[in-house]
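Asks: Protein chains in written order, with our numbering: chain A, 1 to 135; chain B, 136 to 270.
For glycine and all other residues, C-beta sits at the position ideal for the given N, C-alpha and C.
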DNA sequence: TCCTTATGTAACCGACTTCATTACTTATTA
DNA sequence: TAATAAGTAATGAAGTCGGTTACATAAGGA
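(1) Within 9 angstroms of any Cβ in chain A, is that where the Cβ of residue 229 of chain B sits?
(2) Taking the continuous beta strand (DSSP E) assigned at residue 193 of chain A, which residues delimit it?
(3) Please confirm whether residue 178 of chain B has its beta-carbon closer than 9 angstroms to some beta-carbon of chain A.
(4) Go through the region 169 to 200 of chain B residue by residue and report every complete run of the alpha helix (DSSP H) that reaches 4 residues or more, in order.
(5) So the candidates are B:257, B:139, B:263 and B:254; which of them puts its Cα closest to the Cα of residue 105 of chain A?
(6) Is there a Cβ of chain B sitting closer than 9 angstroms to that of residue 69 of chain A, yes or no?
(7) Can you check which of these residues, B:170, B:173 and B:149, is closest to residue 216 of chain B by C-alpha distance?
(8) By Cβ distance below 6 angstroms, which residues in the same chain neighbour residue 51 of chain A in space, the five residues on each side in sequence not counted?
(9) For a cutoff of 9 angstroms on Cβ pairs, would you count residue 272 of chain B as touching chain A?
(10) For residue 144 of chain B versus residue 174 of chain B, is the C-beta distance shorter than 9 angstroms?
(11) Give me the chain B residues within the contact set of residue 90 of chain A, using Cβ-Cβ distance strictly less than 7 angstroms, ordered along the chain.
(12) Could you list the residues in the region 164 to 198 of chain B with a C-beta less than 7 angstroms from some C-beta on chain A, going in chain order?
(13) Measuring straight from C-alpha to C-alpha, what distance separates residue 268 of chain B and residue 154 of chain B?
(14) Using only CA atoms, which one of A:131, A:45 and A:109 lies nearest to residue 53 of chain A?
(15) If you check the beta carbons only, do residue 123 of chain A and residue 7 of chain A fall under 9 angstroms apart?
(16) Excluding the 5 residues preceding and the 5 following residue 79 of chain A in the sequence, name in chain order all residues of the same chain whose CB lies nearer than 8 angstroms to its CB.
(17) Skipping 5 residues on each side, what residues in its chain have a beta carbon closer than 8 angstroms to that of residue 225 of chain B?
(18) Step through the CB atoms of chain B and report whether any lies within less than 9 angstroms of the CB of residue 65 of chain A.
(19) Quick one: which residues of the region 234 to 246 of chain B get their C-beta closer than 8 angstroms to a C-beta of chain A? List them in chain order.
(20) Going by Cα to Cα distance, which pick from B:210, B:227 and B:222 is closest to residue 265 of chain B?
(21) Between the beta-carbon of residue 203 of chain A and the beta-carbon of residue 208 of chain B, is there less than 9 angstroms?
(22) Give every residue of the same chain whose Cβ lies closer than 7 angstroms to the Cβ of residue 234 of chain B, excluding the five residues on either side of it in the sequence, and list them in chain order.
(23) Looking at the unbroken alpha helix (DSSP H) that takes in residue 11 of chain A, where does it start and where does it end?
(24) Per the DSSP calculation, residue 25 of chain A is bridged to which residue(s)?
(25) What residue from B:138, B:177, B:190 and B:195 has the CA that sits closest to residue 202 of chain B's CA?
(26) Would you kindly check if the distance between the Cβ of residue 5 of chain A and the Cβ of residue 64 of chain A is under 9 angstroms?
(27) If we define contact as Cβ-Cβ less than 9 angstroms, is residue 119 of chain A a contact residue for chain B?
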């Protein structure tokens, strides 16, 4: 399957909140901007709130508010907050005991994948919500 | 969803072929080593054959044979051969025309994702089948 | 207090992927 | 010609993804 777009939506949400500068916004309003359903927004906001990135208030004068400086939140932070999956996967079929190399192979593969993932994360860490807004 | 494991299986297949040094191996034998179904192996071999990495012969004395030096095939080569998906995805909801920033946002996000992906690819390019075997 | 607004969730849906498996055709060769 | 093996279509179970409805709960304002 193609990768999910939750990280992108999360970034979009924070950018919208940031561009409204402290003002609380309802999930409905954000949803309009992202062009999706309010529940989709709330689900992601819930994850971000758990990490203290946003505060969500109920009732009138409720809505979501950004708690961090937009130039201090990176795509990597968001990825972590969302518990994103690994980018690569080693097949989890049990190593064939009759194939002595296969066990070590899978370990080596796992390490290589971990390195690739780290390299990607490093790039994500260089991009802040603020920078996304500047375009 | 968790990422697919085809790249890992492809690497495993090539490692098995390489470790049998030019000898042709049936999909059934490879499948035993990888602990999966022969058809799964054949599907991946088909993609690799299309790129000239392996040759697959039918009938008796058929089977798959490695056509490249194992130290000249990288994980990135395999990823390309398998037409692997993008690691990150921007939400494809149409940008809301009433939200002037959202269009540029998505473009900036796409560029950031492309950079992260490239960084990961660069790491994959550093790992050859040969190296996986050495463990 | 009551009504409006807004979040927090659970539940469900349709579309899709992933991997495994069966079944069958085609090609090769001993 | 019989055995072997690839190529490939079709199917199925399990899981993900984004969207949607529905409803309980909380917070203000009139």
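Replies: To lay it out plainly:
(1) yes
(2) Lying before the first or after the last residue shown, residue 193 of chain A is absent from chain A, which here runs from 1 to 135.
(3) no
(4) 173 to 185
(5) B:263
(6) no
(7) B:149
(8) 81
(9) Outside the displayed span of chain B (136 to 270) sits residue 272 of chain B, for which this structure offers no information.
(10) no
(11) 140 and 143
(12) 167, 168, 169, 170 and 171
(13) 8 angstroms
(14) A:45
(15) no
(16) 7, 121 and 124
(17) 241, 244, 245 and 248
(18) no
(19) 234, 236, 237, 239, 240, 241, 242, 243 and 244
(20) B:210
(21) With chain A running from 1 to 135 in the structure shown, residue 203 of chain A is simply not present.
(22) none
(23) 6 to 19
(24) A:64
(25) B:190
(26) no
(27) yes
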